[in-house]
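Residue numbers (UniProt numbering), protein chains in the order written: chain A, 1 to 362; chain B, 1 to 362.
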């Protein structure tokens, strides 16, 4: 069952747990902010629900609590960060802060980060730049999940692209896997016992898997050697544009693992403690092109014109960021949504670490 | 009927025609190079076949022969170019040269160009950077063609994204409309009297149009007020990822029209002589991140691993740029493919301009 919990209280609990792991106050505050931000924007798959995975990685040493991200090469407009397998969210915030500083000083900042960890939603980091009046972009690679067009084996990660740009009444945020859906969406449908509504998963390269009871094929999604994988954005045939999603996934790989000399999708194994995903962070100051207010106003007007187009009866036209803004207003007032199973996981972690969770979940 | 023509001879004919319009030798050489390059790479829709459209625009003054692109604002890493409605290819080459120069000096160059013209394939400009060992990107907006998710009226252009990166045995080139297919693909299928093989066109927001005889709906594709449009990459429903192609189209709009304060998709009308598409050109030097050779070798190996994956029986796994490399080898040896109708159009133009075409089409 899903219940609502006050976001400020839950944030304090996350803070206390991360402090108990040995993270500093500043670090714990940052992690708590990313996770609660994510739940507040209605993206429950990547919020506190992920704490159990991170807990597992902190315990087995895949996430190294005392690691600090380090700039190993830089210019006025670029940096390569080696994250030394620290917590992904902290590496992400650090790397985007570097990109933002460079963009404010020199117009552009491009940072590529290796040996990182799972960093939650890419849109969080893109939005950091937008909050400072900049264009922000971020991507991460991930273990093999997506089928290259005509291949029967997954190779490319779900490799999301996030892009944020200041706009009124709220920031434009695009944050999308380059596969048709991310891995987590399949799990959500399986938990809900619903069949997949479109060609999200294919076996043998182009045979759709829809049945949520097809445990054989769906379980194999996590196995890079299996003949099952996620469809790229654009499906599995060139007629529907499969090669486009697949190609966008490769472009993400360039900005993350290739430029940083980090681990590529096929080199990332969840079990291997010596590898971690690679990520990219870009900030661009619109002021290098023109008057920032004029640019933002023109963009806001462009987006508003889209919202006001004639729509299919009963449907709403959303611009990217609209749904998240609606979710935020709701969650801020009524609490974030946490299912009982996730809550139990968090309580178990807290208990083990000697953190009193009771005051925060009442 | 389609026949083969020697690419060097045809390039000379194009050169002579553009010289006769009043373009300088240098300009005529550049235009001829872009058009023949495109045909050599098997992208006939955007090669010499486009000369009749440009001819029309040169005659009615939409393309201004004597205009020169001008940098109206710049920093070390950026420029805004006003193209003053000169020929798109010349604006594109100029703008990408500016981006390349900045990337060589400062690591990154981002150029956004307004009041340009139809510039052919975006990949040409991305490849200019790759030929100099850099990462290249280019995009253009275009008049309304793509349906925003749930909208019944087109609004966003087909807004392609091109990305090129040096690799062995040849450059990785991604060049794709953010709609499932570009407008030209529909025309090709109609000419071939073949039904559309996938959801490329929708009416009333989400009703597929497949019938190539459906002139009513397909003719309306060019009418921004009609209830017909191209599907975004990802189709017309959120389940298939429609919002992703739609969002990528908006991102292209930011880098082209929004940052340059140029004309947005809805402001571009083919009939209006005072408007033109907006474009973007990005060059990034991989050397700011690490050893260029090492990066290129690692990327080449990554791509080769994809080519060697197990494939659907009878299908080949292509990496972006492979098909173009195959077409290039063929056309370079056996000639570029030009249909009789296009050849006739070129002969008519040559005749009017007093250019002797006979020596070049034998």
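The C-beta atom is built at its ideal place from N, Cα and C for all residues, glycine as well.
Residue contact check for residue 310/B against chain A: a CB pair falls below 9 Å.
At least 9 Å separates the beta-carbon of residue 230/B from that of residue 220/B. For residue 281/A, no CB of chain B lies under 9 Å from its own CB, so it is not counted at the interface with that chain. Of 247/A, 62/A, 100/A, the smallest CA-CA separation from residue 150/A is found for 247/A.
Residues of the same chain with a CB within less than 7 Å of the CB of residue 127/B, apart from the 5 flanking positions on each side, are 136, 164, 171, 173 in chain order. Beta-bridge analysis with DSSP links residue 146/A to 156/A, 230/A. The C-beta distance from residue 23/A to residue 309/B rounds to 40 Å, too long to fall under 8 Å, and the pair is not in contact. In this structure, residue 233/A and residue 241/B form a Cβ contact; the two beta carbons are roughly 5 Å apart against a cut-off of 8 Å. Annotated as proximal: residue 84/B and residue 67/B, with beta-carbon spacing under 9 Å. Any Cβ of chain B closer than 9 Å to the Cβ of residue 303/A would place that residue at the interface, and such an atom is present. Shown here, residue 68/A sits in coil according to DSSP, grouped into three states, outside any helix or strand. Ranking 168/B, 200/B, 289/B by CA distance to the CA of residue 211/B puts 200/B first. Taking C-alpha positions only, residue 292/A is separated from residue 79/B by approximately 15 Å. Against chain B, a Cβ distance below 8 Å from residue 176/A picks out 241, 243, 244, 247.
Among the residues facing chain B, residue 359/A is not included, as its CB has no counterpart in that chain under 9 Å away. Against chain A, the CB of residue 204/B has a partner CB under 9 Å away; the residue lies at that interface. The straight-line gap separating the alpha-carbon atoms of residue 272/B and residue 62/B is approximately 8 Å. In the three-state reduction of the DSSP assignment, residue 208/B falls in the strand class, which pools E and B.
If you check each beta-carbon in the segment 42-76 of chain A against every beta-carbon of chain B, the ones closer than 8 Å belong to 73, 75, 76.
Between residue 143/B and residue 114/B, the alpha-carbon positions lie close to 14 Å from each other.
Counting along the chain, residue 34/A sits inside no beta strand (DSSP E); it lies in the alpha helix (DSSP H) bounded by residues 25-40.
CA-to-CA, the gap between residue 228/A and residue 152/A works out to about 7 Å. Between the alpha carbons of residue 42/B and residue 323/B lies a gap of roughly 8 Å. When 8 Å is used as the limit between beta carbons, residue 259/B is near these residues of chain A: 286, 289, 290, 295, in chain order. The C-beta of residue 159/A has 16 or more other C-beta atoms within 10 Å across all chains shown, which makes the residue buried.
In the structure shown, the three-state DSSP call for residue 5/B is strand.
DSSP places residue 191/B inside the alpha helix (DSSP H), whose first and last residues are 183-191. Positions of the beta strand (DSSP E) runs, each at least 3 residues long and wholly inside the segment 245-312 of chain B, are given as 279-284 in order along the chain.
The C-beta of residue 10/B has 16 or more other C-beta atoms within 10 Å across all chains shown, which makes the residue buried. Taking a cut-off of 8 Å for Cβ pairs, the segment 180-194 of chain A and the segment 276-292 of chain A do not touch, as fewer than three such pairs fall below it. Burial check for residue 188/B: the Cβ neighbour count within 10 Å stays below 16, so the residue is exposed.
For residue 110/A, the uninterrupted beta strand (DSSP E) segment begins and ends at 108-114. Following the DSSP letters along the chain, one finds residue 203/A inside the beta strand (DSSP E) bounded by residues 201-203.
No Cβ-Cβ contact shorter than 9 Å links residue 87/A with residue 47/A. Burial is judged here by how many other beta carbons sit within 10 angstroms of a residue's own beta carbon; residue 93/A has at least 16 and is buried.
Bridge partners of residue 73/A according to DSSP: 80/A.
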